[in-house]
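> Residue numbers (this note's numbering), protein chains in the order written: chain Z, 1 to 424; chain G, 1001 to 1277; chain B, 2001 to 2292.
All C-beta atoms in this analysis are idealised placements derived from N, C-alpha and C, irrespective of residue type, glycine included.
None of the values given here were measured: they were computed from a predicted structure.
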Amino acid sequence: MRALRASVALVAAAAVVLTSGCSPSASGGDSGKVVLTLGSWRTEDLAMWQDEILPAFEKTHPNIDVKFSPTNTNEYNAAIQSQVDGGTGPDLITCRPYDVNRSWIKKGYFEKLDGKPMLDAFDKLALDPWAGDDGSPYCLPTAAVLAGFFYNKDIFTELNLKVPTTQDEFLSVLRAIKDNGKYAPLALGSAESWQLAYNGLYSIGPAYWKGEDGRQGLIKGTKKVTDPDFVAAFEAFDAWKPYLPKGSESLKYADMTQLFALGKAAILPDGSWDINQVAVGNLNVGVFGPPAATAGGERYVQEMPDMAIGISAASKHKAEAETFLAWTATPEFLSLYVNKLPGFFSMGKEPVTYTNTLAQEFADLKQGAKLTPRLGLDRLSAGTPPFDDEVWRVLQLMYTKDLSAQDATAELQKGLSAWYEPQK
Amino acid sequence: MKASSERAGTLVVHALLIVFAVLAIAPILLIVVNSFKTTPAIFEHPFALPTADTFSAAGYERVFQRGHFVDNYRNSLVVTVGSTVATLVLATLAAFALTEYKVRFAPLVGGFFVAGIMLPIRLGTVPILKTMISWGLMDTLTALVLVYTAMSLPLAVALLMTYFRSVPHDLKEAARIDGAGELRTLSIVLPLVRPGLAAVASVTMLPIWNDLWFPLILAPSQENQTVTLGVQQFVGQFLNDYPALLGALTLGAVPLVVLFVVFSRQFIQGLSQGIGK
Amino acid sequence: MRRAHYRYFLAFTLPALAVYVLFAALPLLNSMYYSLFDTDGEVARFVGLDNYHYLFTNPTTSERFWNALVNNLEFFAIHLLVEVPVGLLLAALLTSGRLRRSTGLYRTLLFIPTTLSVVIVGFIWRLVINPLWGLVDYPLLGNENTALPTISLMSVWQYVGIPMIFLYAALLAVPNDVLEAARVEGAGGWTTFWRIKFPLIAPQFGLIAILTYIWTFNGFDLVFALNGSAPGPNYSTDILGTLFYRTFFGSSGQLADLDLGATVASVIFLIILVITGAYFGLLHRRLRSYEL
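Written out as structure tokens, the structure reads:
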């Protein structure tokens, strides 16, 4: 009997010790300072927030202490969902665009932002990617990214090449580099399929499916992926295949960037966010936009709403969180942010100047071009199979297993018709 | 004749082990060597040693500037050692009871324990988080120790049961006849299962040290960050700063290797004292 | 004495049970329970086995499930067929009696990969087999047929230390007098190993096989570190662990689905339980018959 009693007492004592001894350190109890946490998937921005942005905010708001606490992008959604569902999580949540955010809104993760003055800094279009089904905004836009092509100016000069403006010119430039044989024409690998979609198809495709016309058409069900415009876009993507570097099937995004940064490849299809990784050393880098489908044709540029910030419904310091969020709508924050983080672009109404030349070159691509976000993330990925995942998969198959544009689009349409009402 | 074939055999054994040891270690050295090089050198000549031109310890400088390795090491040590010790103690008691006492529901309890090995523990994240909040354990190392102990117990109990079964009955009976209590009897047979304890400790320790998920969910703040979580942040932060990334990876791996080297001596002593002789 | 047995049993198992139930078993059961509900609306609605029905009848989810299961079997088979024999070879070499002080050094070196985190393992091998910078020209990870065996072998490289250490411990436990007797009778190292040591450590293989089964069917980390949560090409490296993660937590292109994720986890649980249960059942019966 003694043994059992001792054991029970031990377990009970352990429980008491655990619960009493380790009460969590009361958050910012001293000096009345409120501590806010800002969750993000951009671990690479930690230094920038800590050294540049947050000090600027805290200078004018001495009673609020903001902590930037990033999670690796692969784990971000899982971590935020578990934390918020469990009853914790950051006070300020960085919002993914479109379908993921809609599901988070539905689960009640965010405070509503309706009628807040900070919204005035943005167009309705800019707020849309983070609006709920009722059209109310829940997150305040931070930045958009653009897709385009980095090119090595020295290689272009050496081989006497001109920046291409149409798909035909683009292909003849690739052919010229390949024939020369000294450099890889395209730094592009298919091991990470997301970038085949985001930096490849979704960048050159809008010229064929006519940007928003095609995208909204798919969403409304008036167009199909098997329509000639879409098939032509997939064919344009397929036309790059002969120009891929050696072993491209298992090259990762980081390998491609290195191949270009080491001066071994002429062109890198990429997103604006990669500016700092690409422009290293004395590499002479330029930027050009996606080619038009035909000579004199309309130009399209993929402008992707990337990041916004929302206030967690579970936050204990909503007033302070709102103060911070409102600050992110000011020109002070926006110009600080986009210039410390070249390749990210303000979504506000106020024009912002970019001190980084490549960033400015990217921003210039927008002039005279029609803008459209990535094709697959709005509405079309909220069911099974998710359209965006399927696009990644079939694009990879086009490069690794010779899947044709016809078959790829047919497969996508089949997947979409299986669950998406307007496409049934 | 006999002696020379004997020597040839010894040579073959050494040769084979050297081949395998090189296979095991060379790829790791690759990381360490490259962490002392510049980024272009890493990719252009990954298998070359650093030369005067390509040598650079700047990666480590950046890592030390931004990192909190002393704190991270301490947290990981506390969590790993704490959970491993707790697992060993609790599992030893339970496994002894499960094999020793002929109680009708013992197989049920044993099965209940073993079932725990078969589920991905991440499935239980949200309920675990809720429990920790209600116990006031959120963002503490204690929360990690509890979860890791709970998660390691099933395998530890299952393994230790197999070791306890191999202990001769007579020994325990002799102890009991001498008037030893049950706890004393357990301590008498304990040396016999020392290799088992060592094996359990090593399989328990590794996943705990290297786990990323629960530190992220249960103890994410700077003060409680473990090495793996700290390193993971560097991996993102220095996405393309390869020297710093490799430096951080190297620094993150060293303690567990040291821990194992120190610990494996214990392990071997246990082996030779236990059954070998 | 019987009453006393009950009391000791409870006293000794209670601490472990308390921790295990509170921080593992209950949370897991709590989540598994959602596989019987539809959690999409405001309140969870009981739907019986509908989620299971959906998992196996929806063309996409069922295709992904069977694909992951088959991949997982391959992942397991490669571990069993490569990791265990190599582990045995290493353990046999270490205990061959031909090494003196170097045993410890070899053992430590061979075990070091096991201590590494998957982040490092992934990085190392991606560099070594990279067609641009590495030693292998062929894009092993980019081909549907070679990607999974390649990742499996990386995992074998990392974890071969575990069967090695288990078998090493078992081999050391072979009584010296038995070996001495064999030597007196003139048996060589080879004969001694296969005739005497091997039969004595044979029971260990069952345990190692079942542990390998459990670990590989709960495998996740390395595949996730290398290929993310929708592991390609064309889901050829998708295993049950990544399928569960993707379903339960969502991925960049897929929304999280708590109840379907719980359903996947429950099915994985059953797959592991059936085999493991059969193993322990057999073991139990055999032990019983020994005792009689």
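Can you check which of these residues, 1030(G), 1230(G), 1212(G), is closest to residue 2135(B) by C-alpha distance?
It is 1030(G).
> Quick one: using the 10 Å Cβ neighbour count with 16 as the cut-off for buried, is residue 146(Z) buried or exposed?
Classification for residue 146(Z): buried.
> Relative to chain Z, which residues along the segment 1126-1142 of chain G have a C-beta separation below 7 Å, given in chain order?
Listed by position, the residues of the segment 1126-1142 of chain G near chain Z (Cβ gap below 7 Å) are 1126, 1129, 1130, 1133, 1135, 1136, 1137, 1138, 1139, 1140, 1142.
> Name the chain B residues that come within less than 8 Å of residue 77(Z), Cβ to Cβ?
Neighbours of residue 77(Z) on chain B, chain order: 2249, 2250, 2251, 2252, 2256.
> Can you check which of these residues, 255(Z), 188(Z), 266(Z), is closest to residue 240(Z) by C-alpha distance?
When only C-alpha atoms are compared, the closest one is 188(Z).
> Between 1034(G), 1217(G), 1259(G), which has its C-alpha nearest residue 1060(G)'s C-alpha?
For residue 1060(G), the nearest C-alpha among the options comes from 1034(G).
> Identify which residue in 1253(G), 1185(G), 1245(G), 1227(G) has its Cα closest to the Cα of residue 1039(G).
Minimum Cα distance to residue 1039(G) is reached at 1245(G).
> Would residue 2241(B) count as contacting chain Z if we go by Cβ distances under 8 Å?
It does not: the Cβ of residue 2241(B) has no partner Cβ on chain Z nearer than 8 Å.
> How far does the alpha helix (DSSP H) with residue 101(Z) in it reach, from first residue to last?
99-106 is the extent of the alpha helix (DSSP H) around residue 101(Z).
> Rounded to the nearest angstrom, what separates residue 2096(B) and residue 1135(G) at their Cα positions?
Spanning the two alpha carbons is a distance of roughly 53 Å.
> Going by beta-carbon coordinates alone, are residue 93(Z) and residue 80(Z) separated by less than 8 Å?
Against a cut-off of 8 Å, the Cβ pair of residue 80(Z) and residue 93(Z) comes out as a contact.
> On a Cα-Cα basis, can you pick out the residue from 1008(G), 1099(G), 1253(G) that is closest to residue 2120(B)?
Checking every option, the nearest Cα to that of residue 2120(B) belongs to 1253(G).
> Identify, in the order they occur along the chain, each residue of the same chain with its Cβ nearer than 8 Å to the Cβ of residue 2175(B), setting aside the five sequence neighbours on each side.
Taken in chain order, the list of residues that qualify is empty.
> Using the beta-carbon of each residue, which ones in chain B are nearer than 9 Å to residue 1028(G)?
Correct list: 2112, 2113, 2116, 2120, 2124.
> Quick one: is residue 1173(G) buried, meaning 16 or more other Cβ sit within 10 Å of its Cβ, or exposed?
It is exposed - the Cβ of residue 1173(G) has fewer than 16 other Cβ atoms within 10 Å.
> Please tell me whether residue 245(Z) has its Cβ less than 8 Å away from any Cβ of chain G.
It does not: the Cβ of residue 245(Z) has no partner Cβ on chain G nearer than 8 Å.
> My output table needs one value for residue 1195(G): the three-state DSSP class, helix, strand or coil.
Of the three classes helix, strand and coil, the one that applies to residue 1195(G) here is helix, per DSSP.
> Relative to chain G, which residues along the segment 270-281 of chain Z have a C-beta separation below 7 Å, given in chain order?
Going along the segment 270-281 of chain Z in chain order, one finds 277 with a Cβ nearer than 7 Å to chain G.
> How about residue 334(Z): is its C-beta nearer than 8 Å to some C-beta of chain G?
Chain G contact via Cβ: absent.
> Alpha carbons only, please: which of 304(Z), 218(Z), 416(Z) is nearest the one belonging to residue 2060(B)?
It is 416(Z).
> Let's see if you can read the secondary structure: which residues bound the alpha helix (DSSP H) around residue 262(Z)?
Taken as a continuous stretch (DSSP letters only), residue 262(Z) belongs to no alpha helix (DSSP H), as it is neither H nor E.
> With 16 as the cutoff for other CB atoms within 10 Å, does residue 91(Z) come out buried or exposed?
Buried, because 16 or more other Cβ atoms sit within 10 Å of the Cβ of residue 91(Z).
> Can you find a CB in chain G that lies within less than 8 Å of the CB of residue 72(Z)?
Residue 72(Z) counts as touching chain G.
> Go through the segment 2135-2196 of chain B residue by residue and report every complete run of the alpha helix (DSSP H) that reaches 4 residues or more, in order.
Qualifying alpha helix (DSSP H) stretches, in chain order: 2147-2159, 2161-2172, 2176-2184.
> Which first and last residues belong to the beta strand (DSSP E) in which residue 151(Z) is found?
First-last of the beta strand (DSSP E) with residue 151(Z): 139-152.
> Quick one: grab the DSSP three-state call for residue 271(Z).
Three-state result, residue 271(Z): strand.
> For residue 2141(B), which residues in chain Z fall below 7 Å Cβ to Cβ?
Neighbours of residue 2141(B) on chain Z, chain order: 191, 250.
> Along the chain, where does the alpha helix (DSSP H) that runs through residue 1061(G) open and close?
Run containing residue 1061(G): 1058-1066, per the alpha helix (DSSP H) assignment.
> By the 9 Å beta-carbon criterion, what residues does the segment 2020-2051 of chain B contribute toward chain G?
Against chain G - using a Cβ distance shorter than 9 Å - the residues of the segment 2020-2051 of chain B are 2020, 2021, 2022, 2023, 2024, 2025, 2026, 2027, 2028, 2029, 2030, 2031, 2032.
> At 8 Å on the CB atoms, spell out the chain Z contacts of residue 1217(G), in chain order.
Those are 79, 82, 83, 86, listed as they occur along chain Z.
> Could you check whether residue 408(Z) and residue 394(Z) sit closer than 8 Å to each other, using their CB atoms as the reference points?
Result yes, Cβ atoms of residue 394(Z) and residue 408(Z) sit closer than 8 Å.
> Within the 8 Å Cβ cut-off, does residue 2061(B) reach chain G?
Not closer than 8 Å to any Cβ of chain G, the Cβ of residue 2061(B) fails to qualify, so no.
> For residue 2094(B), which of 2082(B), 2165(B), 2075(B) has the nearest alpha-carbon?
The shortest C-alpha separation from residue 2094(B) is found at 2165(B).
> Grouping DSSP H, G and I as helix and E and B as strand, with all else coil, what is residue 1274(G)?
Reliability of the predicted coordinates at residue 1274(G) is poor, the pLDDT of 42 falling under 50, and no value is obtained from them.
> Based on the DSSP secondary-structure assignment, which residues constitute the bridge partners of residue 39(Z)?
In DSSP, residue 39(Z) forms a bridge with 69(Z), 93(Z).
> Mapping the DSSP letters down to three states, classify residue 192(Z) as helix, strand or coil.
Here residue 192(Z) sits in coil by DSSP.
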